[in-house]
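Residue numbers (the working numbering): 224 to 432.
Ideal placement from N, C-alpha and C gives every residue a C-beta, glycine not left out.
Source: prediction; values computed, not measured.
Some notes on the structure that comes next.
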Amino acid sequence: MNTRQEADSETGARKVNIPEVQEGEEVILVEDAHSRKGFTFAEVIFYGLIILSVVGAAITQASVVVGRLYWLAMIPIIAAATLYVEWVRGRETGTRWRALLRAQLFHWGALLVSVEVVYLLFNFGRLSNEGVSLVILLLLAQTTFLVGVYVDWRFSIVALFQAFSLIMLAYLQAYIWLILLIAIGIIALGIYFHRKFPGKLPPSSHSRI
């Protein structure tokens, strides 16, 4: 690293070596300082999906038919979130956009096919309205978890929360408020670790807000 020497010739002050910061290093320092303040867009997506899952659990408890439609609507939302995160990483790694899009189409297309099979079972009288809603939520949680395996680990947290919501809806409807408390805890822990240990957690996306 280059150094710059400053000396006071009149007073005879001792020379001091002041390290010069290169342009690239300045960018890194600025990004590091900014990482302590801002959230990545992927983190915002993560918190948003947790909140949407809480809303879905509440709707499902109130009306299984509306809840079923809600979880169906969540499929394209999570798919779009996944596609965005992969697109950001693809720009950094040089992965082709078409390859990412094709992989996501197969991934979420398989979920849609599974949902169609669930509806066939419903039409055959093998599943009730409540059963259809819970099975769709289970399929959504499993598909989201797989996204967390090969795209971003935060999606796995969302999937586990959805699976927990499924259990609560199926067996402990009287304690549905626990889902809200756990969601608040997950978000609070995420914000705490982001503030307390910036840069220590596995990276998700470098796009910030």
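Within the model, the alpha-carbon separation for Arg314 versus Arg321 is close to 12 Å. Burial is judged here by how many other beta carbons sit within 10 angstroms of a residue's own beta carbon; Ala302 has at least 16 and is buried. With distances taken between CA atoms, Leu361 lies nearest to Leu392 out of Leu343, Val267, Leu392 and Leu323. By alpha-carbon distance to Leu334, the top candidate from Glu353, Leu350, Ala296 and Thr318 is Ala296. Closest in C-alpha terms to Ile282, from the list Ile407, Ala411, Ile402 and Ile410, comes Ile402. In this model, Val308 and Glu339 are separated by some 27 Å (Cα to Cα). Nearest C-alpha to Val287 among Ser337, Val355 and Glu266: Val355. Just so you know, the alpha carbons of Ile380 and Leu369 end up roughly 11 Å apart.
Across the structure, Leu306 and Ala364 are spaced so that their CA atoms are roughly 17 Å apart.
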